[in-house]
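Anchor point for the sequence shown: position 159 equals 139 in our numbering, and the numbering is continuous, going up by one each time.
No residue lacks a Cβ here, since even glycine has one placed at the ideal position from N, Cα and C.
As the structure is a computational prediction, the values presented were derived from the model and not from experiment.
First comes the structure, then the notes that go with it.
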Amino acid sequence: MEKIREKINSIRAEADAAIAKAEALEARVKELEQEQTQSEREIVSLTNRNKQLEDDLETAHEKIKELKGNEQEGSDLKKEYDNAMRKISILEQELEDSDRALGETTKSLRESDVKVEQYERQIQQLTQKLEEKDRTNEELVVKNKELKEQLEEFNTMLESM
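Shown next as structure tokens:
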């Protein structure tokens, strides 16, 4: 019986050892499950963080494209501005030239108006002189006719004598 007891004790010891080992393994399983849960949480967190970083990267790329577009647009706008300023300078110069030419033309027109007035006065004076000469000429023609008639009368009278 002693052997049986030893055997039972041995089996009990083995059972206790197996129970202790099972409990230790269960504790280890729980620990590993907690580590797995923690790892899964970290994976989810890192996945979310990775997604956020990818989104941020994409946003940054879009912003870079936009800024490059704005830079190009800004460059184009600067070119347009420079071209517009050159055109304005040219137009201002043309305006100054036109104003100068207008001033010269206006001055020339005034001088021409003065000359026209002088010539009109001269024409008026010459017209008056011509009218006077025409009257004088008509008077002389009439006198000449009268004198011719008188001369004929006088010649006729002389002949009759």
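Terminal residues of the alpha helix (DSSP H) in which M141 lies: From DSSP, M141 is part of no alpha helix (DSSP H); its letter is neither H nor E.
Nearest-angstrom Cα separation, counted from V94 out to K113: 28 Å
Span separating the alpha-carbon of T160 from that of E6: Nothing in the structure corresponds to residue 160, since the chain is present only between -19 and 141.
Nearest-angstrom Cα separation, counted from K48 out to S88: 59 Å
K58 versus N28: straight-line alpha-carbon distance, rounded: 43 Å
Minimum length 3: unbroken beta strand (DSSP E) runs contained in the segment 17 to 84: none
For E46 and T224, the rounded distance between their alpha carbons: The chain is shown from -19 up to 141; residue 224 falls before or after that span and cannot be answered.
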